[in-house]
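Chains as they are written, first to last, in our numbering: chain R, 13 to 51; chain D, 278 to 440; chain Y, 67 to 567.
Quick reminder that beta carbons are idealized off the backbone N, C-alpha and C, glycines included.
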Amino acid sequence: MKKIAIFYTVTVGIFWEAVYVMVIIGVGSLFALAIQYIR
Amino acid sequence: MKVKSFFFFVMLCLALVISSSNCYAQTSTSLDLINDAKQYDGKTVNYKGEVIGDVMIRGDYAWLHVNDGTIAIGIWAPKTMIQDIRYAGDYHKKGDIVEVFGTFHRSCLEHGGDLDIHASEIKKITSGSAVIQPISIKKVYIGVCSLMLVLLFYVLKKYFQSR
Amino acid sequence: MILKPQVNDIKNIGYYLGRIILGIGLTMFLPFITGLVLFREPSPALDFLISANIAIFIGLALSWLCKTDKELHTGPAMVVIALSWLAVMALSAIPLLLSGHYKSFLDACFETMSGFTTTGLTLVQDLDHLSRTHNLWRHLGPFLGGQGIAIIAISFLVRGASGPLNLYQGEGRDEKLVPNVIHTARFIWAISIAYLILGTIVLGLVGMSIGLKPQRAFFHAVCIFMAGFDTAGFSPQSPNILYYHSLMFEIVTIFFMVIGSFNFNLHYQIWTGNFKEIWKNIETRTFLFVIMIVTLITMAGLKHWGVYSDGMILFRKGFFQLISGQTTTGYMTIYAQQFIKEWGDLALTGIILAMALGGCACSTAGGIKMLRVGVICKAFRQDIKSVFLSPNAIVVQKFHHIKTMFIEDKQVRAVLIVTLGYFFLYGLGTLVGVGLGYPFLESLFESTSAAANVGLSCGITDASMPAILKVTYIIEMWAGRLELMSVFALIGFFVAFVKGR
C-alpha cells in the first residue's frame, strides 16, 4: 500500500515538473513566434 | 589555311577542357562550408568524406553524416540514393568514402534550420570495411599483472592491519 | 596567527583522499565489464582494467599510510574535496589517453575535468570512431561528477559523525534534503537513477522512431540522458544534438536539461507531495523570469541580424542553444563556428548572460545560480524600498525557498562574495584568451562557458589551443564547480603550511 502511495506521489511529481518545462518551452515558442512577425 | 585549322583545333581542345571542368564544382571541405556558409547557401556543392555513425531512414528519405576528417555534415538523400552504402564508420568499421553533390543549406527551412546538404547525387568512391582492432599483448600482461599486484597488496594490507 | 597544519591534519586529508581515489578506481570496473562482455571491445576494456588497478593501488596505499580515526572538520574537508577533484581528473584521464583519441595527457585531463564538472567542452579527436567503452566513460563522468564526488564518498566509502556532512558542504552543496546527510546522498542517487531509467526508455524509443537501430538507439539514449540530466553536454557523435535532426529529440532533451538543472531539494519536495513548491520557489520563479529576459535579447538579436527569420527555426536554433546555455548543459544543434560567423553580438550577449547566471543551486548546473540571483534581486528591491520610506522604517523582504525566509545582511554578503568570485573567474579566462590573441567576445563566451560549467563553444576550444589556455579553462571548470570556496581552502592550506607556526 505504501509502495503504491510513493509511486503515485512520484508520478504526480514528475507530471508537475513536466508542466513547468512545458511553460518554459511555451515562453520560448511564444517569443519565437511573436518576433518573426516584428519587422 | 593550316594555321587556321591548327588554331581552331587548339580552341576546340581548350573549350572541351574548360567545359568539362565546369561540369562539377571543386570539392569543398567541411570548414569551407561552415565558415563561409552564407556564400554557399542555396548553391550546389561537391563534398567528399567518410560516412559515419548511422544511416537514419525516415520514410522515403534518409539522413547520413559524412565526415571529411574535420567535421561531419548531415546529408539528406532519397532512399534510392543510399542503397550502395554498406559501411558507416565507427570503432569496428571504416565507413564508405562517398562524394556528394547537392544543394547546401546554411539554415534549412525544411529541417528546422539545420545546416545540411540535400543530395542530388551520391557516388561511392571507396568501399568501407570491418576493422579488426588488435589486442596488444603488452596491455594484457600489464592488465593481468597489475590486477595481481593490487589483490596481493589488498591482502597484505588486511593482514598487517589485523595484526 | 596562522597555524601550521600538523601531521595528523595531513594524514586526515590523505586518508579521505585515498578512500575517494579507491572509489574512482572501483567505478572503472563498470566500463571494464561492459566493454568486455556487452560491447565486445577487449582492447578498450583493458585500458580500464589497467587504469582501475593504478587508482585502486594509489587509493589503498594512501588510506593505509594515512590511517586515522580523527573526524574530518570543515577546513580539511574542503581541502580533500579540492584535491580529490584534481586526483579524479588525472586518474580518469588515463584510460582516455590510452584510447589514442587525445593528443596529450593534458587534453585527456581537460576532457575528464570537463566531464566530471559537467561542463562539456571537448578535446576528443575522431569521436565518431571512438570505442563505445571509452565513450561510455566520457558520459559516466558527468553522471558521477554531477551527483558529486562527495556524494559517492558519503554513500559508500566514508563513515563518521561530521566527516560526511563536511565533505558534502565542501563541494558547494548547502542543502540538506533530510537531516541525515547520508540519507540525503542516497535520495540524490534515487532521483538520478529513477530519471536514468525513465530517460533511457524515452530517449531510446525516440531514437528508434527517428531511424536508429535499437541497440544503437539505447546506447545513445543512456549517453544523452547522462550528459543531459547532468547538464554536461557530451554526445556520442561529433555533430552533438544536430546529429539526430529531430524536433522530438530536441524537445525531450530540453525536458531533461531543465529538470536536471533543478535543485535536488526541489525534486525531493515535489516527489514527497509538496507539489506547490514548484511554483512558489524563488529559484523556479527566477529561472522563468531570467529565461524571458534572455530569450527576448537573443531572439531580438537573431531577428535583427537576419540570422533566422522563421518562427520554428528561431525556436529550434535560437531557443535550444539558449536553454542549453541557461541550464548550463551545452548541447548544440549548430556548429561552434556558427555562433561567431552568424549570430551577431546581441544574440551572443544574451547567451553569455544566460550562461553566466546559470541553473539552480544544489543541482548539477553551474553558473552563479538562480538562488543567488533571486536573493540579489530581492535585496536590491529591499534597498530601493528603504530609500523611499522614512529613515526609521525597517524594510523586511521575504523569499520562499522550501520555507519562507527573511533576507538577512549576512546572507546577502555571502551571496555577493560568491557572485563576485564567479565574475572574477569569467574575467580571468577572458583576460588569458585576449592576451593570447583571441577576440574579446569569443574569449568572454568561452571563459564563461568554462567557469559556469556550460560547454557551449564558439570554436576556441580545440586541441590546437595553447596549453596555458587549456590549463586556465581546467582551473575555471574546477573552481566553478566547487563554487570557489574549496579552492580557496586549498590555497589557504598551502599558505598555512608554508607560513604557519
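Here the C-alpha atom of Gly495(Y) lies approximately 10 Å from the C-alpha atom of Phe511(Y). In this structure, Leu126(Y) and Tyr431(D) form a Cβ contact; the two beta carbons are roughly 6 Å apart against a cut-off of 8 Å. Scanning chain Y for C-beta atoms nearer than 7 Å to the C-beta of Met333(D) yields Ile276, Gly277 and Leu278, reported in chain order. Using a Cβ distance threshold of 8 Å, Phe322(Y) and Pro208(Y) do not count as a contacting pair. Residue range Ile348 to His370 is occupied by the alpha helix (DSSP H) that includes His370(Y). When the five nearest sequence neighbours on each side are left out, the beta carbons in the same chain lying within less than 6 Å of the beta carbon of Ala445(Y) are those of Ile473 and Val478, in order along the chain. Glu398(D) has Phe378(D) as its beta-bridge partners, per DSSP.
Taking each of Ala148(Y), Gln191(Y), Met179(Y) and Phe454(Y) in turn and checking the Cα distance to Tyr168(Y), the smallest one comes out for Gln191(Y). Distance check between Asn312(D) and each of Met551(Y), Ile406(Y) and Ala420(Y) places Ile406(Y) closest, using alpha-carbon atoms only. At least one CB atom of chain R sits nearer than 8 Å to the CB of Ala366(Y). Closest in C-alpha terms to Val322(D), from the list Gly372(D), Glu376(D) and Phe284(D), comes Glu376(D).
In this chain, His167(Y) is not harboured by any beta strand (DSSP E), its DSSP state being neither H nor E. The count of Cβ pairs closer than 8 Å, one atom from the region 392-409 of chain Y and one from the region 301-314 of chain Y, reaches three, so the stretches are in contact.
For the 8 Å CB-CB criterion, Val408(D) and Lys356(D) do not form a contact.
DSSP, read as helix, strand or coil, puts Val553(Y) in helix.
In the displayed model, His139(Y) falls within coil according to three-state DSSP, outside both helix and strand. Look at Ile541(Y): its C-beta is not under 8 Å from any C-beta on chain D. Distance from Gly391(Y) to Ile68(Y) at the Cβ level is roughly 41 Å; contact not present, criterion being Cβ atoms closer than 8 Å. Look at Met471(Y) here: in three-state DSSP terms it is strand. Collapsing the DSSP output to three states places Phe465(Y) in a strand.
Arg239(Y) carries a coil assignment under DSSP once its states are collapsed to helix, strand and coil.
Contact annotation: in the region 318-331 of chain Y, residues whose CB is within less than 8 Å of a CB in chain R are Ile320, Phe321, Val324, Ile325 and Phe328.
Chain order gives the chain Y residues near Phe43(R) as Thr361, Leu362 and Met365, where near means a beta carbon separation below 7 Å.
Residue contact check for Gly38(R) against chain Y: no CB pair falls below 8 Å.
Near chain Y, meaning a CB-to-CB distance below 7 Å, the residues of the region 343-371 of chain D are Asn344, Ile348, Ala349, Gly351, Gly366, Asp367 and Tyr368. Three or more Cβ pairs closer than 8 Å define a contact, and the region 195-214 of chain Y meets that threshold against the region 283-299 of chain Y.
Note: Ser305(D) is bridge-paired with Tyr324(D) in the DSSP secondary-structure output. Around the beta-carbon of Glu542(Y), 16 or more other beta-carbon atoms lie within 10 Å, marking it buried. Residues of the same chain with a CB within less than 6 Å of the CB of His286(Y), apart from the 5 flanking positions on each side, are Gly273 and Pro302 in chain order. The three-state secondary structure of Thr496(Y), taken from DSSP, is helix. Contact between the region 483-502 of chain Y and the region 134-152 of chain Y is absent: fewer than three C-beta pairs spanning the two stretches fall below 8 Å. Not one beta carbon of chain R lies nearer than 8 Å to the beta carbon of Leu494(Y).
With a threshold of 16 other beta carbon atoms within 10 Å, Gly377(Y) meets it and is buried.
The contact set of Lys400(D) on chain Y, defined by CB atoms closer than 7 Å, is empty, because the minimum CB distance reaches about 21 Å. Asp331(D) carries a strand assignment under DSSP once its states are collapsed to helix, strand and coil. Excluding residues up to 5 positions away in sequence, Ile257 lie with their Cβ nearer than 6 Å to the Cβ of His333(Y) in the same chain.
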